[in-house]
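Peer 1:
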Amino acid sequence: MKILLIEDEKALSDALCQIFSKKRWETFAAYNGETGLDEALTGIYDIILLDIMLPKLDGLTVLQRLRAASISTPVLLLSAKGEISDKVAGLDCGADDYLAKPFATEELLARIRAMTRRRGELIFDDTLQVGDLTLNLANYTLSRGDQRVQLANKEFEIMKQFFYIRIPFSTKRNS
Ligand code: CA
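So this is what it looks like as C-alpha cells:
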C-alpha cells in the first residue's frame, strides 16, 4: 500500500512513517501543502492523509484542488481542529473521512483499512490483491489458488509496482 502523508508536524509525521513502514506500507511524507498537492497530482497513492493547518497551502485548499483535478484517491483529514464545522467543511470539500488529533494509532489504522476496503481494492495487512493473484509483502511470495512462487528481491519490487498500478493481469490458466 502507498500512502501520501501531508503533515507539517515533523514528530507526528516521523512516528506515522515508522508505524506504516513496519506494516511494509510505503509512505511519502510532505511537510507543506504545496509539496503535498504536487505529489498527490503526480503520484499514485492508495490513500492520502491530509492535515488541515499546513504551511504554504492549507489542507482544505489542497483537497479542493485535488478533487477539481478529478483525483479521486481517498482522503482522510487529520486535524487538531475537532469542531463540527471543520469536519463538515472537510467532508464537503471531498474528504472521505475525518480524524481529530490526538488520535490512537489503532483507530487511524482501522480507518485506513476501512477506506482502502471501501474502494474495492482489498488490501489486507501484508498482501496486495489484483484479480485472483495475491502478493504477500511479508514473505515475498506471489500466489494464485494453491500455486505459490517465491520471488527474488528484484522480482518482488517489479511485481509490487505492477500491483500498485493495477496492471490487468490475465487470470486464465494456460492448460
Ligand atoms: Ca498542522
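Following the numbering used here, the numbering of the sequence shown begins with 9 at its first residue and continues without gaps. All C-beta atoms in this analysis are idealised placements derived from N, C-alpha and C, irrespective of residue type, glycine included. Bear in mind that the values here come from a model prediction, so they are computed numbers and not experimental data.
If you measure from each residue's Cβ to the nearest non-hydrogen atom of ligand 1, which ones come out under 5 angstroms, in chain order?
Peer 2: Those satisfying the condition are, in chain order, Asp16, Asp59, Met61.
Peer 1: Between Ser78 and Gly102, what straight-line distance do the alpha-carbon atoms span, to the nearest angstrom?
Peer 2: Their Cα atoms are separated by approximately 11 angstroms.
Peer 1: Closer than 7 angstroms, CB to CB, is Asp16 near chain D or not?
Peer 2: Among the protein chains of the structure shown there is no chain D, as only one such chain exists.
Peer 1: Scan the region 16–44 and note each continuous beta strand (DSSP E) run of 3 residues or more that stays entirely inside, going in chain order.
Peer 2: Listed in chain order, they are 34–38.
Peer 1: With H, G and I counted as helix, E and B as strand and the rest as coil, what does DSSP make of Arg75?
Peer 2: Residue state, collapsed to three classes: helix.
Peer 1: Measure the beta-carbon distance from Leu86 to Glu15 and round it to whole angstroms, keeping in mind my assumption that it falls under 8 angstroms.
Peer 2: Right, their Cβ atoms sit about 7 angstroms apart.
Peer 1: Less than 7 angstroms between the beta carbons of Asp140 and Arg152, yes or no?
Peer 2: Yes, the pair counts as a contact, with Cβ atoms nearer than the cut-off.
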